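For reference, the structure is listed below as structure tokens.
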Amino acid sequence: MLPLKEKDRPIVKKLLEAGCCARCVLRFCCLGVQSAYRQSYEDTAKELCAFISDSESNECQDAAVLEQHTEDPPSKKIKMDAAETDVQSEGDSAVVPTVMEEGDAKPADSDVCAVCLGVLQEFCDEAYAIKISDVVKAKNYQFDTMVLSVSLPAQLSVREHSCWLHVKKEVREKSICLDKDDVIQVKEAFKWTMQGLVSKELGGVPVVTKISRQTEQFEVGVGFTHPETDSDCHFLAGICSDCFRPTKNKQFVSQQNVFTRMAVVKALEKVSDEKFLKKFPCPPTRPARKCIAQDAQCLHVSVFVAGRYNKFSRTLPQTPWVIDGERRMESSVEELIAAPLLSSFRAEGFNFSSSGREDVDVRTLGNGRPFALELLNPHRARFNKAEVRQLQETINQSSDKIRVRDLQIVSRDAMGHMKEGEEDKTKSYTALIWTQKAIDKDDITFLEETKELKLAQKTPLRVLHRRPLAVRERVIHTMSTCFLDTHHFHLKLRTQAGTYIKEFVHGDFGRTKPNLCDLLKTETDILELDVDSVDVDWPPSIPE
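Letter by letter, the sequence shown follows residues 2 to 545 of the numbering used here.
Right, here's the structure in full:
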């Protein structure tokens with residue numbers, strides 16, 4: 002039995018007369034008992050009829066039930082007017098049932114709910130649960146728990162508001178303590194009805210509203226549209242135009258895209274009851290057709306994989322090198338790392354980030370450069386330590402140009418450690434220097450005594466196309482030298498992260514001050530550069 006009370010009787014009658022379906026009646030009665038929504042639609046409607054017939058001699062206006070849940074073949078539906086008995090009792094001829102092909106428009110006296118537009122009538126049963134589960138099974142995701150989300154047409158908020166105003170007077174006249182915020186949302190009623198059914202079809206996998214462990218969240222979204230009533234929201238733009246202005250980044254969106262659910266709800270909060278009732282029917286009129294269900298969409302939250310990489314090639318860019326739409330190099334560090342991970346996690350894409358970057362002709366040696374990969378919509382998300390170690394080995398065997406170490410799965414929050422205080426970190430380099438003027442060992446010894454050398458670096462010409470023009474202050478903490486011959490020596494530097502080493506060596510036409518040319522009083526250039534260490538204490542090292 003539905004846990005309805007005597008005070009609900011006039012509301013139930015008024016809502017059924019207004020064209021609300023059985024589950025929407027429960028919502029407006031603020032019935033928060035989930036089991037009431039899970040029972041069959043037929044049983045719910047029969048109980049509501051019995052509930053109001055206790056005082057009104059078996060009169061029930063909810064036609065939605067007895068017509069849509071018959072045992073006839075699914076390709077045909079028999080529409081029988083709920084008032085047929087009354088008409089015949091007045092001596093008129095019998096009503097002839099109307100046979101309608103499935104999908105045809107229904108006549109003006111349609112049985113589609115005036116508020117939920119059929120969502121809680123037609124799409125809250127085992128058949129729809131099977132459709133959802135079939136999509137999930139076909140996608141072959143790995144998950145232990147599933148979140149079911151639903152997207153509804155924005156006009157449902159308008160229709161719900163109209164229906165609330167319709168019962169508001171009844172509520173006040175009967176001195177019933179009832180508030181609009183107490184009305185159960187369509188989304189909640191839908192989830193209460195469908196979660197158990199979908200779970201059953203998926204072999205008992207828990208289907209919940211929210212998962213606390215964000216790293217394992219798997220979401221299946223179902224959505225509905227209703228083109229017939231799309232214009233229901235449009236009158237609000239004339240009353241609260243400020244609620245429907247496109248954002249600066251979306252100036253060319255269509256009119257329909259402006260009417261989002263959030264914008265409509267915001268406008269309804271501002272509009273007075275008087276203005277609303279002048280523009281929209283109360284109660285809302287029944288539509289001729291039910292909602293259209295969109296294809297279910299599956300999405301697993303991103304998985305983040307971190308590690309450190311060495312780059313041994315001077316012809317390998319960190320990221321794909323494309324100039325004017327033309328690719329210059331056949332591969333990149335990120336692609337060599339990402340390919341095995343994409344395959345193993347069965348992800349649909351990735352985002353690569355790292356603690357700084359090296360030029361294509363620069364090697365990264367030492368303990369490597371920290372990196373992280375965000376794997377988008379992975380179909381597999383759980384790997385044990387041995388499997389991750391095998392993934393690392395697969396990457397390392399795929400190419401002799403790179404090597405990965407400390408590979409591990411990390412949380413989204415942990416990603417922030419890689420960028421924390423980035424400019425306060427230090428990096429160490431070894432550069433092969435050429436000098437125009439002949440030098441000896443004594444000419445370069447003084448560099449080792451130079452400490453905490455402050456530089457003013459104007460944005461280098463070579464990166465000016467992608468970096469804003471600015472003067473950046475950087476520090477070279479220490480330098481050491483190794484004399485090779487009269488025109489060459491190795492220069493080791495420990496610098497503040499973000500220092501442009503090449504520009505410090507050749508001066509970049511005076512854009513970096515001071516520079517090595519100034520210090521040695523001769524033209525200098527850099528022939529080779531290696532990154533020896535990136536002093537970022539993340540991700541945690543893993544013993545080999």
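Glycine residues also receive a C-beta, built at the ideal position from the N, C-alpha and C atoms. Since the structure is predicted, the reported quantities are computational estimates derived from the model, not experimental observations.
Q) Per DSSP, R404 is paired with what? A) N311
Q. What number of angstroms, rounded off, separates the C-alpha of I477 from the C-alpha of E349?
A. 42 Å
Q) Considering F484, what are the terminal residues of the beta strand (DSSP E) in which it resides? A) 472-486
Q | For C164 and P285, believed in contact at Cβ under 8 Å, the rounded distance | A | 6 Å
Q.
Just to confirm, is the Cβ distance from S134 to E202 under 8 Å?
A. yes
(Q) On the CB-based measure, 16 or more other CB atoms within 10 Å of its CB, does H466 come out buried or exposed? (A) exposed
Q. Nearest-angstrom Cα distance between D296 and Y430?
A. 54 Å
Q: Please determine, among V199, D231, V265, the residue with the shortest C-alpha to C-alpha distance to V246.
A: With the sequence shown as reference, residue 246 is identified as Arg, and Val is not the correct amino acid for it. When each option's Cα is compared against that of R246, the closest is V265.
Q.
Based on DSSP bridge pairs, tell me the residues matched to L454.
A. I477
Q. Cβ atoms of F346 and P379: under 8 Å apart, would you say?
A. yes
Q.
Between which two residues does the alpha helix (DSSP H) holding R39 run?
A. 35-39
Q: Can you have a look at C292 and say buried or exposed, based on whether 16 or more other CB atoms are within 10 angstroms of its CB?
A: buried
(Q) DSSP has E436 in a bridge; who is on the other side? (A) The question names Glu, but residue 436 is Thr in the sequence shown. BP columns for T436 point to T525.
Q: Identify the continuous alpha helix (DSSP H) that holds L269 and give its terminal residues.
A: 262-271
Q) Taking the runs of the alpha helix (DSSP H) that are 4 residues or longer, which of them lie wholly in the segment 197-238? A) none
Q. If you check the beta carbons only, do I410 and V304 fall under 8 Å apart?
A. yes
Q) Start and end of the beta strand (DSSP E) containing V151? A) 147-152
Q.
Quick check: the Cα distance between W539 and N368, rounded to an integer number of angstroms?
A. 11 Å
Q: From the DSSP output, in three-state form, read off N385 for me.
A: coil
Q | Simplified DSSP assignment, three categories, for N352 | A | strand
Q) At what residues does the beta strand (DSSP E) containing G369 begin and finish? A) 363-377
(Q) Give me, in chain order, the residues of the same chain whose beta-carbon lies closer than 8 Å to that of E189; leave out the 5 immediate sequence neighbours on both sides. (A) none
Q: Whole angstroms is fine: what's the gap from V506's alpha carbon to M416's?
A: 33 Å
Q. Tell me, which residues are paired with A115 by DSSP?
A. Answer by DSSP bridge pairing: none, since A115 is not bridged.
Q. What's the C-alpha gap between A109 and G119?
A. Its pLDDT being 42, under 50, A109 is placed unreliably by the model, and the measurement read from it follows with that caveat. If you take the alpha carbons of A109 and G119, they lie about 15 Å apart.
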